[in-house]
Amino acid sequence: MMRGQTTICGALTRKGTSCQNIPMKNGRCRMHGGKSTGPKDRKKLCRNQNAAGNKARVTTGEYETITWETLTAQEQNKLRQHYGLQLHQRINNPYVMEDVRIARMLQRSREETEDIRWIQIEEALTRTQGKRFKQICSMLQR
Numbered sequence: 003m004m005r006g007q008t009t010i011c012g013a014l015t016r017k018g019t020s021c022q023n024i025p026m027k028n029g030r031c032r033m034h035g036g037k038s039t040g041p042k043d044r045k046k047l048c049r050n051q052n053a054a055g056n057k058a059r060v061t062t063g064e065y066e067t068i069t070w071e072t073l074t075a076q077e078q079n080k081l082r083q084h085y086g087l088q089l090h091q092r093i094n095n096p097y098v099m100e101d102v103r104i105a106r107m108l109q110r111s112r113e114e115t116e117d118i119r120w121i122q123i124e125e126a127l128t129r130t131q132g133k134r135f136k137q138i139c140s141m142l143q144r
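In terms of the numbering used here, the sequence shown is residues 3 to 144.
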């Protein structure tokens, strides 16, 4: 501490020691900035509502999160007809969701015109089918 200084920043440095710089109003020095107090608005305190089923950067669909809520109405209707479900019933079976994933990937490969992107989708489709095969083999070994 410097002569006459009563408070220090106190944040942990890379060396593991506490920072000895003079703090600002929030209690931390200019290098460490202090901890954010977060949003004050109650609506912003909840998770981002737009993030559910975010499809902004889906290229191949290999790692796409697929749940009943993210299915299109057409996909939900096809699954209801195939499995004989009522309107209030849902499917959370991972094997069925993998079928949806593969169907979506096949649709993307049909729509793709660039050769490079088409090859990426086909490689991702091969990996997805391999993962599904491993799931089935592990289920049969039980």
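Just so you know, even glycine gets a beta-carbon here, dropped at the ideal spot from N, CA and C.
Remember, it's a predicted structure, so these values are computed and weren't measured experimentally.
Close-in-space but distant-in-sequence residues of the same chain around residue i (CB under 7 Å, 5 per side omitted)
i, result
"residue 66", "60 and 103"
"residue 15", "21"
Candidates the options: closest to residue i by CA position
i, options, result
"residue 75", "89, 64 and 62", "89"
"residue 26", "127, 69 and 34", "34"
"residue 2", "144, 64, 143 and 10", "Outside the displayed range of the chain (3 to 144) lies residue 2, so it cannot be described from this structure."
"residue 96", "43, 30, 116 and 136", "136"
"residue 129", "71, 100 and 10", "100"
"residue 30", "9, 17, 43 and 16", "9"
"residue 124", "18, 108 and 73", "108"
"residue 23", "11, 17, 16 and 15", "11"
"residue 127", "116, 142, 117 and 110", "110"
"residue 98", "77, 116 and 117", "77"
"residue 28", "85, 13 and 70", "13"
Same chain only: Cβ atoms within 8 Å of residue i, ignoring 5 sequence neighbours per side
i, result
"residue 122", "61 and 62"
Pair within 7 Å by beta-carbon distance, residue i and residue j
i, j, result
"residue 120", "residue 113", "no"
"residue 68", "residue 81", "no"
| message | Threshold first: 4 residues or longer. Then list the alpha helix (DSSP H) segments lying entirely within the region 70–103, N to C. | response | 75–85
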